[in-house]
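S.K.:
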Amino acid sequence: MNARTSQPGTVFKVVLADDHPLIREGVRRVVAQLAPRTVILDAHDYPSLFAQSALHPELDLALVDLNMPGFVGIQGIAQYRNRFPDIPLVVLSASEAQQDVRQVIRAGALGYIPKSSSTEVMLHALRQVLAGCVFMPRCNDGSTPPVPTPAAEIPGLQDKGLTARQFEVARLLARGCTNKTIAELLSLSEATVKIHVAAVFRALGVGNRAEAVLSLQRLTQG
Amino acid sequence: MKAIPSVRQPGRDGSIRRHILLIALLPALLTAFAMVAYFTSRTLSQAEAALQARASQATRHLAGVLPYGLITGDLAMVREQLASELHDSRLVSVRVLDAQERVIEAVGETLRVEDDGQYVRHRRGIMLPAAEVAELVDPGGVAAPRLGTVEVTLTRDGLRDFRRTTFLHAALLMTAALALSAALAWRLSRRLAGQLGQIGEAVERLAQGDLAARVRLGADGEIGQLAHGINRMAEALQAHRTELELRILDAVADLAAKKDMAERANLAKSRFFAAASHDLRQPLHALSLFVAALKTRARDPETQDLIESIEASTAAMELLFAALLDISRLDAGAIEAHHEHFALQPLFDILSKQFGALAGEKHLKLRIRPCNAVIHSDPLLIERILANLITNAIRYTDDGGVVVGCRRRGRMLRISVIDSGRGIPPEQQKSVFQEFVQLHNPARDRSKGLGLGLAIVARLARLLDHRIDLVSRPGRGSNFSIDVPLGDPARVRVRGDATGEVVEPVFADAMVLLVDDEAAILHAMAELFDSWNIGLVTARNADEAEQWLDTLERTPDVIVSDYRLPGDTDGIAVIARLREKFGRAIPAILVTGDTAPESLQRIAQAGLPLLHKPLRPAKLRALLTHLIQQSRTMQ
């Protein structure tokens, strides 16, 4: 859903915060490839980062070095997120320590990119974040998330407004799996599965599990 | 000073005293005995002689006075004279016998001849006086006429008593002498033994290590000298020991200081290096990015070649710096292990993907055998170890391949990286784990790394307390293995979905309600939220929303609503209604494509955050993340 960035005439605004000017130079070139028209603002420490963000509230992205003067890194992230909750923040860091990654995500960042990453990885990471994902170094082998099963496998459910994930749930439901099993198999939380199951009921026009199972079996056989 | 066990000699205590006593008593005894014997016998023989003399005297006297009485025949006078003599000389009996041995006169007790032992008898012939003169002039001449014989008998009884008395006195004297000697000897010996004993004690204490022991005797003479000598010796020993101790303390302190300095220097060096590497890497990262940018601009092959070489150099530099940084951080203790229980297979999958291509470039096969074990260790550090081992294996194998497998051994799991490469000779199997040691790289070709890979592996293994083993023969490949403890599958933390996202506890069962009348938008958002793993309930209006929320029996964490809704309601109203229903100021977001100032003003007045359509996923995600976190911390 990068509709915004691909629209002509719209400007993609990014603030780049790092205390190493060379890093800013290098990263700038990567960021410039994200959209046809990009405006990149510079900051060299947390105070200047906050200042720039305050001046340009319509920022699309903040790319921030974890260790800059002004704040202890995590605090800076948390403070920034409190102050500008709708600006997606991605951390750029020389450290690759796993605790840092966890802490940063918990502080509200939407991504963590090690500085040792290649251009491709950086671009991939940024694109993922702009698509709404949370990006972490584990994904940096360039793999794309697996595509869920196409909806065409269950006839009669195509136009019911179900998502691909919900089709998966429906299929497992038809096999008689419990919510817990479905959650385990799809690596989801049970609560999420319940919501998907409710959506499937709605699409099938049924009110309980038993009916849903019957309905689904009819659909797959018929 | 180590205590020397003391050996007590039996009789040590008494021997000197016994000896002294013996020395004092024996001679004294002998001497006293000898003297007493001598003088007693002399006294006794003198007494005997005196007795004999008395007897002889008596007979002589009688022989002198009796002739007159005998000649005149005055027996009464004879008798008187005998009695007088008996009394005077204390005789037992006295007899006068005539020439024919007939008793003329006898006075005193009558004795039997057999009682001779007890008596001393003496006889003398009674001569005429002229005969006596003639006897004198011519002894042995013509036998002068004898008148008779006088015989006296004395008793030895007195002698006996005398002898008894003498012996008694002698014995008493001897005893007294001996007692005195014994007493003196006793006293002397006690004193001596005491002094020697004190000396002995002091020496014993010295032997046990108490160099402060001294002999306190006020003695002089040889003992005093001995004591004095021992004291001097003890002092010398003490001084010597004190000096030694001081020197040892000095040396120890010196060594400790040096060791401390060395350790601190080492630590400082490691830290300095870690910090320096960290700073040095930043321009290097920037360099990689510049080179990548340059690459896209290069058009002609020559320039492209050049750029590729630069790229290879920078890539090599980055690897080397990373390795150096890791080593110095490990040495400085800056890396901590975080143990957890985790499954091995996902790690194997990553490694397989990561190194499959690298192996393929050298036409080697990389096979990682499936393993369903759960281990207890630090996943990132284990990954690092295995990555380094696999890199090494690939680097030093020219044909064949690399196999990674695991085998359970009791409570441990042995993960092995086996290659069909050049192998490592036994004498170098230890040193390969040292820094900068590289086999088969005499030219120090830096594209083969710095030789730090195994050094890092060794350090990490030490940090994790896992054992590393190497079995290898030149030309037959190598088998590096690491033993890790098996873990508890029940304690494995649940990870996110296949995209590798970790679902943070804050979002564990987050649920967002989206209200929008456009089905397309609802569908698109549903797909989006699926990939985010955040629960989404969609509704076209407030009623539907309430219906679904009731069915699910859930309160939404955030309400996202389109501002423009059909009917005479709007997003603000919907949000207000739902907030009232749940009795909570549920965080909410308004979405609008509206740019009309009145709408914007109204929204601003409502105090709700606003996102513009078309929705930018990242912005929505950022805002949602913030609001969900807020909502959770508020609860």
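Keeping their order, the protein sequence lines are chains L and W.
Per the numbering used here, the very first residue in the first sequence carries number 1; after that it's consecutive.
Per the numbering used here, the very first residue in the second sequence carries number 1001; after that it's consecutive.
The C-beta atom is built at its ideal place from N, Cα and C for all residues, glycine as well.
All values reported here derive from a predicted model rather than from experimental measurement.
#1: Give a yes or no on whether 8 Å exceeds the smallest Cβ distance from residue 1623 of chain W to chain L.
#2: Does residue 1616 of chain W come within less than 8 Å of chain C when only Cβ atoms are used?
#3: Could you run through the segment 71 to 90 of chain L and flag, in chain order, every residue whose CB is less than 8 Å away from some CB of chain W?
#4: Within the 8 Å Cβ cut-off, does residue 178 of chain L reach chain W?
#5: Return the CA-CA distance between residue 71 of chain L and residue 1608 of chain W, expressed in angstroms with no decimal places.
#6: Name the chain W residues whose beta carbon is nearer than 9 Å to that of residue 23 of chain L?
#7: Would you check if there are 3 or more beta carbon pairs closer than 8 Å linking the segment 1302 to 1318 of chain W to the segment 1368 to 1383 of chain W?
#8: Quick check on residue 1633 of chain W - is its C-beta less than 8 Å from some C-beta in chain L?
#9: Check the Cβ-Cβ distances between residue 1546 of chain W and every residue of chain L, and say whether any is below 8 Å.
#10: Going by C-alpha to C-alpha distance, which of W/1196, W/1234, W/1199 sits closest to residue 1211 of chain W?
#11: Measuring straight from C-alpha to C-alpha, what distance separates residue 83 of chain L and residue 49 of chain L?
#12: To the nearest angstrom, how far is it from the Cα of residue 1616 of chain W to the Cα of residue 93 of chain L?
#13: Taking a cut of 8 Å between CB atoms, which residues from the segment 1544 to 1574 of chain W lie near chain L?
#14: Starting from the N-terminal side, write out each stretch of the beta strand (DSSP E) that is 3 residues or longer and does not extend beyond the segment 1547 to 1575 of chain W.
#15: Does the contact criterion of 3 or more C-beta pairs under 8 Å hold for the segment 104 to 120 of chain L versus the segment 73 to 90 of chain L?
#16: Between W/1071, W/1154, W/1035, which lies nearest to residue 1110 of chain W when the distance is taken from Cα to Cα?
#17: Cβ closer than 9 Å: which chain L residues qualify as neighbours of residue 1511 of chain W?
#18: Please confirm if residue 94 of chain L has its CB atom under 8 Å from at least one CB of chain W.
#19: Contact criterion: CB-CB distance below 8 Å. Does residue 13 of chain L meet it with respect to chain W?
#20: In whole angstroms, what is the alpha-carbon distance linking residue 1456 of chain W and residue 1423 of chain W?
#21: If you follow the beta strand (DSSP E) that residue 230 of chain L is part of, which residue opens it and which one closes it?
#22: Cβ atoms of residue 11 of chain L and residue 39 of chain L: under 8 Å apart, would you say?
#23: Compute the beta-carbon to beta-carbon distance between residue 1089 of chain W and residue 1123 of chain W, rounded to the nearest angstrom, for a pair I have assumed lies under 8 Å.
#24: Give me the chain W residues within the contact set of residue 20 of chain L, using Cβ-Cβ distance strictly less than 8 Å, ordered along the chain.
#25: Could you compute how far the alpha carbon of residue 1253 of chain W sits from the alpha carbon of residue 1263 of chain W?
#26: Classify residue 13 of chain L as helix, strand or coil using the three-state DSSP reduction.
#27: With 16 other CB atoms within 10 Å as the buried threshold, where does residue 1567 of chain W fall?
#28: Starting from residue 1609 of chain W, find everything on chain L with Cβ-Cβ shorter than 8 Å and list it in chain order.
#29: For the structure I just gave you, are there three or more beta carbon pairs, one from the segment 1044 to 1053 of chain W and one from the segment 1179 to 1197 of chain W, closer than 8 Å?
#30: Check the C-beta distance from residue 62 of chain L over to residue 129 of chain L and give it rounded, since I have them as a contact under 8 Å.
#31: From the beta carbon of residue 220 of chain L, is the nearest beta carbon of chain W less than 8 Å away?
#32: With the cut-off set at 8 Å, would you say residue 163 of chain L and residue 1526 of chain W are in Cβ contact?
#33: Looking only at C-alpha atoms, which of W/1516, W/1555, W/1584 sits nearest to residue 1636 of chain W?
#34: Taking the alpha carbon of residue 58 of chain L as the point to measure from, which residue in L/86, L/203, L/104 has its own alpha carbon closest?
#35: I'd like to know whether the C-beta atoms of residue 1624 of chain W and residue 1512 of chain W end up nearer to each other than 8 Å.
#36: Quick one: is residue 1605 of chain W buried, meaning 16 or more other Cβ sit within 10 Å of its Cβ, or exposed?
M.R.: On the basis of the supplied data:
#1: yes
#2: Note that chain C does not occur in the displayed structure, where the protein chains are L and W.
#3: 81, 82, 85, 86, 87, 88, 89
#4: no
#5: 29 Å
#6: 1282, 1283, 1285, 1286, 1289
#7: no
#8: no
#9: no
#10: W/1234
#11: 12 Å
#12: 25 Å
#13: 1548, 1551, 1552, 1554
#14: 1558 to 1562
#15: yes
#16: W/1154
#17: 191, 192, 195
#18: yes
#19: no
#20: 20 Å
#21: Examination of residue 230 of chain L is not possible in this model, given that chain L is present from 1 through 222 alone.
#22: yes
#23: Not really, about 15 Å apart at Cβ, beyond 8 Å.
#24: 1282, 1283, 1286
#25: 15 Å
#26: strand
#27: exposed
#28: 85, 86
#29: no
#30: In fact, because the Cβ distance is near 11 Å, the residues do not count as touching under 8 Å.
#31: no
#32: yes
#33: For chain W, the structure presents residues 1001 to 1635; residue 1636 of chain W sits outside this window and is missing.
#34: L/86
#35: yes
#36: exposed
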